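Inspection log for the structure reproduced underneath, given as structure tokens.
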Amino acid sequence: MPYVREIIKPADQEKIFADADEIKRSHLRMRGGYFTEGIDAAWAIDRERDLYLLRAPTIEARSPYAYFYFHFHSCMYGFRIRTFSREPIQLNELPPDSSLPQFQKELLDAFEVYQSADREPLFTPLFETVKE
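In our numbering, the protein residues as written are 47 to 178.
What follows is the structure, encoded as structure tokens:
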């Protein structure tokens, strides 16, 4: 099943919190709660394969970065992208080397669907060169 862009519903929020480690749960609860601010937060999700991408709350109001979480192979990866830039993705943690090419492909596919709505700013997810 391919990725689809959907609004995150309350049952989805529970799944996201269950998938996240304590630091990511804390980040999602910042400023009164990411999912309780009356915004329609969206994600790109492939439910069949349990893969999804969502934008995380901005840490600083004037930050030049957009923060994201990508759930891949039962692990949630946090990263940031410098907005309107051609800098590589800055991952907080890396998947195992053996799954890095698949991780990159899935993340790019998820971004393509996530950014399909006109209201989302465009990001260019780039990666550092992978050593073979």
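Virtual Cβ for every residue (Gly too), placed ideally from N, Cα, C.
Predicted model only: the values in this text are computed from it and were never measured.
From the DSSP secondary-structure annotation, give me the bridge partner or partners of residue i.
i	result
Tyr-113	Arg-126
Glu-52	Trp-89
Leu-137	Phe-125
Considering residue i, what are the terminal residues of the alpha helix (DSSP H) in which it resides?
i	result
Asp-65	56-65
Tyr-160	146-160
Arg-71	68-74
If residue i sits next to residue j, beta carbons under 8 Å apart, how far is it from one beta carbon to the other, in whole angstroms?
i	j	result
Gln-117	Asp-65	Before going on, a small fix: residue 117 reads as His here, not Gln. Between Asp-65 and His-117 the Cβ distance is about 6 Å, and since that is below 8 Å, they are a contact.
Tyr-160	Arg-51	6 Å
Lys-70	Tyr-111	Actually they do not touch by this definition, with Cβ atoms about 16 Å apart.
Could you check where the beta strand (DSSP E) with residue i kicks off and where it finishes?
i	result
Asp-92	88-92
Arg-101	97-101
Taking C-beta to C-beta, are residue i and residue j nearer than 8 Å?
i	j	result
Leu-180	Leu-146	Look at the range of the chain in this structure, 47 to 178, and you will see that residue 180 is not part of it.
Arg-128	Tyr-113	no
Leu-99	Ala-57	no
Does the beta carbon of residue i come closer than 8 Å to any beta carbon on chain D?
i	result
Met-76	Absence of chain D from the displayed structure is noted, only one protein chain being present.
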